[in-house]
Structure formats: C-alpha cells, structure tokens
Amino acid sequence: TRTVPMLIDDLAEVDYSLNTLPAVFRQFIDLDLKGIVHPAGNYTGSTCVTTPFTIPDQSDSMLHLAFSEYFFQTSSFAYYTAGAFNVTITEETCSYFNISTEIFGSIIPEVAKYSVTPYPVMLKLMATEIPVVSLEQDSFTVEIQGSMEVFAVLPDSTTQLLFTMNVAANTSIALNIFDQKLVGSLCLNRLQFSLAHSNVGFFEISLLENILSYILQTEVIPSVNAKLSKGFPLP
C-alpha cells in the first residue's frame, strides 16, 4: 500500500494512499484513492471539499482511472500556495521583442510624458486568489484572478512602478495520459484587464490589451505548457 506521497516536482507532491480497503467483486476491483496534491513538504489541509463519485460501468478496458474535480482543486491550491502562479517577465526573458517604456509610451502618451528617457520594463504577474477549477462534460476550465505590476528598470537596477492592473483570465486545459503520467496543455480563452493604480496618470486600459495579450500568449502560456508537459505521476 502506498503511504508516502509521490513527488510531482519541486513545488508539489501527491498522496495516492487508500481511503478505504479495496472492494473486490467477481469481475473487477474498486480502489478508492485519496488523490490529494500538497505543496512539497507541507501537509496542511486545503480549503477544497471532496464529493464522492462513481465511475460508470464499462467493460471495454482492463483499467479505468478517474480523477475528481477535488484532485484538480487541491492541485490549484498547492501550486498557488507554492507561488507557482507568480511570474516575472523582463527584457532579458522576453523572447520576441524588447519591452521598454518606449514601446509602452508609443501606445500610452502618459507613459511617454512620465518616462522621457527609455528604460527596460519589468512585468510582475501574480494570482491574487486560488484559481477556480471547473470540470464539466467535455470541458476543463480554470479561472484565474490576478494582478500585473508594470515597472521601469532604472540604470542602477532599482525599479519604479508605473501602474498596476487587475487581470481576469479564463483558460481551458486538455488532458492526456502519456508515459504513465497525466499531462496537460493550457489554452488561454479570454482576458480582461482593468486599471487598479497608476503613477503616470489615468489612461484607457484598452490601449494596452493587444500588447499585453500578446506577451501572455507568447511568454507565459508556453512556459506553463512546458511545465504541464512534464506530467503528474499516476498511482
């Protein structure tokens, strides 16, 4: 019987220990596993509530494996607690173009007035709440509420906050089993931005939506999918 949690990565581990004794029937055996994901080395309980479920009767395979919404909710809690939803993007890490106050100033006049000298820009993204997982028939969605801080990086390596935005992201995940692991692929469906605070003066956030969406699509989503492709170990 497995009692030791399995390491997923350096941030989280999963507990597949038995909830109850195996139920043995003539044609099959039922195993009720916990399926709880914890931050690595931290077994404090999550706020998620488990709901019992059953697997529909099918006889076309030797093994049927089902994951409940609770499993993914504890995963969301574990990775949120471990800070996995916090991402920093800098000029050095941006693959497709150099993000600078000059680029932002060409879109937002207030930035150009505030920062006459061009400086590199740093973006700090963080989830402000535990992402909400929803499993429906043929769909797996994750709602993420967060914030994005936009800084100018000065020559002495100090930073100056330009503005902060609220971010709401609707994403979907496709799941597959490969090499005895549960692997996923994240797709960004919808983004909403709103201005939370500005040191450069008020501006219409809609002016920035295209460039920010592009940065998230080209920098953040590929990074997330690279991690999801490593997979969750199966029991």
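In the working numbering, the protein residues as written are 16 to 250. Idealized CB from N, CA, C, for every residue including glycine.
Spatial distance of residue i from residue j (CA atoms)
i    : j    : result
A167 : I123 : 14 Å
L10  : L210 : Past the edges of the chain, shown from 16 to 250, lies residue 10, and the structure says nothing about it.
L169 : Y134 : 6 Å
T132 : L243 : 40 Å
F217 : P146 : 29 Å
D194 : P54  : 24 Å
A97  : I23  : 13 Å
E99  : I44  : In the sequence as displayed, the identity of residue 99 is Ala instead of Glu. Roughly 37 Å separates the two Cα atoms.
Q152 : T89  : 20 Å
A183 : M77  : 42 Å
N240 : E224 : 22 Å
V165 : D25  : 28 Å
L222 : P37  : 58 Å
Which of helix, strand or coil DSSP assigns to residue i
i    : result
T89  : helix
L231 : helix
V239 : helix
N101 : coil
T156 : strand
L222 : helix
I23  : coil
V215 : coil
E151 : strand
V168 : strand
T96  : helix
S130 : coil
S121 : helix
T174 : strand
T116 : helix
E84  : helix
L78  : coil
Close-in-space but distant-in-sequence residues of the same chain around residue i (CB under 7 Å, 5 per side omitted)
i    : result
N204 : N185, T186, S187
M180 : S162, M163, F208, S209, L210, A211, I220
L197 : L190, G246, F247, L249
G199 : I188, A189, L190, L243
Pair within 8 Å by beta-carbon distance, residue i and residue j
i    : j    : result
I114 : E106 : yes
L190 : I236 : no
T108 : V136 : no
L138 : I159 : no
Local Cβ density within 10 Å of residue i, reported as buried at 16 or more and exposed below that
i    : result
Y229 : exposed
A251 : Outside the shown range of the chain, which is 16 to 250, sits residue 251, and nothing can be said about it.
P20  : buried
E144 : exposed
I192 : exposed
G246 : buried
S154 : exposed
V39  : exposed
S213 : buried
Own chain partners of residue i with C-beta closer than 6 Å, once the 5 adjacent residues on each side are dropped
i    : result
L150 : E84
V52  : A27, V29, T89, S90, A93
V157 : P146, V148, T186
A127 : G120
N101 : M141
Contacting residues, own chain, Cβ-Cβ under 8 Å from residue i (five flanking each side not counted)
i   : result
N34 : D47, L48, K49
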